[in-house]
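Chains as they are written, first to last, in the numbering used here: chain A, 2 to 215; chain B, 2 to 215.
Printed below as a string of structure tokens:
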């Protein structure tokens, strides 16, 4: 039995029900810890499910945040410091990752409060999460205020990527399911991914082929 | 053994290697078919992995696209017609979904070419994909040109959601793994998701609790 929910139904829902429904409905999301530093040198780390790929040449990533609400420390730090890190959430530490979404005071580092370890590479000033198998250093590039709801798209350029050498396949692809990277559904569900198929580039008038395994 | 890849390494990579690496590196992505119609009434459907949640009240979704390259029909149709649909990619039809990324001529409907069925709800003018278990009707709201790489963020408002009634849990959450919704890794890998845990809202100085099952 299918049901149809109209915009007016959504707007009239109790707040929590609307949050869960709308956050879960457009599909699976990335699961990342964003590492930042404020101008006093205090580190911060917070879980985000809104990191997206925006381009490969140059390598560009976006994230959506709401600067007027929690977790606002992340946004302030990105703007003031100019550099931040994206660190994959492994299935072994989903509880610690989720705990970073608690409203800690500015004087507390979530690295300490949630049992993560700061890691610095020789070339990059923002704190990575040592426990993450994939670490990405990003430099702030531009921001776009979204008029309809006062959210913000923050756009950054990838400056470095740290990952297990073996995870990079011959053609450059990184199979995240092999690395234990999770995905987020809605506000609070974490999931593991089972790879189904890779496909060759689709062509008109030619049957689609699965990619051969390495 | 970890390896570090710097921005200059990325910029100097062969194009295909860079595409696969950068597209796969920031995490799992949503898997959706975008249904549109042009002003002559011809329908179009194309797979996208760039749909993101941007807000719940009002319900807002974003998508990133490159208007100067394929699949540009989707963008033209969204701008000219004003309405489009987001339809989840189920694991049973990942090959058909991927085939929609072939460069079909404007005169061809990918609904026909890739064996999908158009479905229209009484309240919404853009074509849904009948085979998708979750269908979302969206109205165009605003667009933001990204300066650094000429991509575009298209922002829309959810007008209706059609889904199996049983899929909505008591608190509004929709568990996508139960519905067979897939996730995309990189350009061409499709995966199934296994739910691990849902967590209660994280609080400072309180151990994180898993949500009890319904």
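Even for Gly, the Cβ is constructed at its ideal location relative to N, Cα and C.
Any idea what DSSP makes of residue 111 of chain A, helix, strand or coil? Per DSSP, reduced to three states, the secondary structure at residue 111 of chain A is helical.
Element boundaries [alpha helix (DSSP H), containing residue 17 of chain A]: That run of the alpha helix (DSSP H) goes 16–26.
Helix or strand or just coil, what does DSSP make of residue 206 of chain A? In this structure, residue 206 of chain A counts as coil in the three-state DSSP scheme.
Check whether the Cβ atoms of residue 87 of chain B and residue 27 of chain A lie closer than 8 angstroms to each other. Yes, they are a contact pair.
Take the Cβ of residue 152 of chain A as the centre, count every other Cβ of all protein chains shown within 10 Å, and call the residue buried at 16 or more, exposed below. Classification of residue 152 of chain A: buried, given that the 10 Å Cβ count is 16 or more.
Is residue 159 of chain B helix, strand or coil by DSSP? In this structure, residue 159 of chain B counts as strand in the three-state DSSP scheme.
For residue 66 of chain B, three-class secondary structure by DSSP: Three-state result, residue 66 of chain B: strand.
Identify which residue in B:192, B:167, B:144 has its Cα closest to the Cα of residue 77 of chain B. Considering only alpha carbons, the answer is B:144.
Can the beta-carbon of residue 90 of chain A be found closer than 8 angstroms to that of residue 34 of chain A? Yes, they are a contact pair.
Is there a Cβ of chain A sitting closer than 8 angstroms to that of residue 59 of chain B, yes or no? Yes, its Cβ sits closer than 8 angstroms to a Cβ of chain A.
Verify the CB distance criterion: does residue 68 of chain A have a CB-CB separation below 8 angstroms to chain B? By this cut-off, residue 68 of chain A is not an interface position.
Determine the chain A residues that contact residue 8 of chain B at a beta-carbon separation under 8 angstroms, and present them in chain order. Listed along chain A, the residues sitting closer than 8 angstroms to residue 8 of chain B by beta-carbon distance are 59, 60, 158, 159, 160, 161.
Which first and last residues belong to the alpha helix (DSSP H) in which residue 8 of chain A is found? First-last of the alpha helix (DSSP H) with residue 8 of chain A: 8–13.
Can you tell me whether residue 189 of chain A is buried or exposed? The criterion is at least 16 other CB atoms within 10 Å of its CB, across all chains shown. By the neighbour-count rule (16 or more Cβ atoms within 10 Å), residue 189 of chain A is buried.
Could you name the residues of the segment 169–189 of chain A whose beta carbon sits closer than 9 angstroms to any beta carbon of chain B, in the order they occur along the chain? Per Cβ criterion, the list reads 169, 170, 171, 172, 173, 174, 175, 176, 177, 178, 182, 183, 184, 185, 186, 187, 188, 189.
Within 10 angstroms of its Cβ, does residue 178 of chain A collect 16 or more other Cβ (buried), or is it exposed? Residue environment for residue 178 of chain A: buried (at least 16 other C-beta atoms within 10 angstroms of its C-beta).
In chain B, which residues lie with their C-beta within 7 angstroms of the C-beta of residue 21 of chain A? The answer, in chain order, is 172, 173, 174.
According to DSSP, is residue 136 of chain B helix, strand or coil? Reduced to three states, the DSSP call for residue 136 of chain B is strand.
Contact set between residue 155 of chain B and chain A, taken where Cβ atoms lie within less than 8 angstroms: At a beta-carbon threshold of 8 angstroms, none of the residues of chain A lie near residue 155 of chain B; the nearest stands roughly 11 angstroms away.
So residue 166 of chain A and residue 44 of chain A are in contact, right, with Cβ under 8 angstroms, and what is the actual spacing, rounded? For residue 166 of chain A against residue 44 of chain A, the beta-carbon gap comes to about 27 angstroms, at or over 8 angstroms, which does not count as contact.
Just checking: is the beta-carbon of residue 119 of chain B within a distance shorter than 8 angstroms of some beta-carbon in chain A? Residue-level contact by beta carbon fails for residue 119 of chain B and chain A, as no gap is shorter than 8 angstroms.
I'd like to know if residue 199 of chain A contacts chain B, where contact means its C-beta is closer than 8 angstroms to some C-beta of that chain. Proximity of residue 199 of chain A to chain B, defined by a Cβ-Cβ separation below 8 angstroms, is satisfied.
Looking only at C-alpha atoms, which of B:59, B:207, B:100, B:201 sits nearest to residue 105 of chain A? Cα-wise, what sits closest to residue 105 of chain A is B:207.
Classify residue 118 of chain A as helix, strand or coil using the three-state DSSP reduction. DSSP, reduced to helix, strand and coil, places residue 118 of chain A outside both helices and strands of the structure shown, so it counts as coil.
Going by Cα to Cα distance, which pick from A:66, A:204, A:214 is closest to residue 170 of chain A? Comparing Cα positions, the closest option is A:214.
Can you pull the chain B residues whose beta carbon is under 9 angstroms from the beta carbon of residue 165 of chain A, in chain order? 2, 3, 4, listed in chain order.
Quick one: give me the first and last residue of the beta strand (DSSP E) that residue 218 of chain A is part of. Residue 218 of chain A lies beyond the stretch modelled for chain A, which goes from 2 to 215, so this question has no answer here.
Over what stretch of residues does the alpha helix (DSSP H) that includes residue 96 of chain A continue unbroken? Its alpha helix (DSSP H) spans residues 95–100.
Of all Cβ atoms in chain E, is any one closer than 8 angstroms to the Cβ of residue 51 of chain A? Protein chains in the displayed structure are A and B, and chain E is not among them.
Where residue 187 of chain A and residue 125 of chain A are concerned, what is the direct C-alpha to C-alpha distance, given to the nearest angstrom? Looking at the two C-alpha atoms, the distance is approximately 32 angstroms.
Under 8 angstroms between the Cβ atoms of residue 29 of chain B and residue 31 of chain A? Yes, these two residues count as a Cβ contact at 8 angstroms.
Distance CB(residue 159 of chain A)-CB(residue 48 of chain A) smaller than 8 angstroms: Taking 8 angstroms as the cut-off, the beta carbon of residue 159 of chain A is found no closer than this to the beta carbon of residue 48 of chain A.
Continuous alpha helix (DSSP H) stretch holding residue 80 of chain A: start and end: Where residue 80 of chain A is concerned, the enclosing alpha helix (DSSP H) starts and stops at 73–82.
Against chain B, does residue 152 of chain A count as a neighbour if the rule is that its beta carbon must be under 8 angstroms from one of theirs? Under the 8 angstroms criterion on CB atoms, residue 152 of chain A is classed as interfacial with respect to chain B.
According to DSSP, is residue 168 of chain A part of a helix, a strand, or is it coil? Residue state, collapsed to three classes: helix.
Based on DSSP bridge pairs, tell me the residues matched to residue 146 of chain B. Residue 146 of chain B is bridged to B:153.
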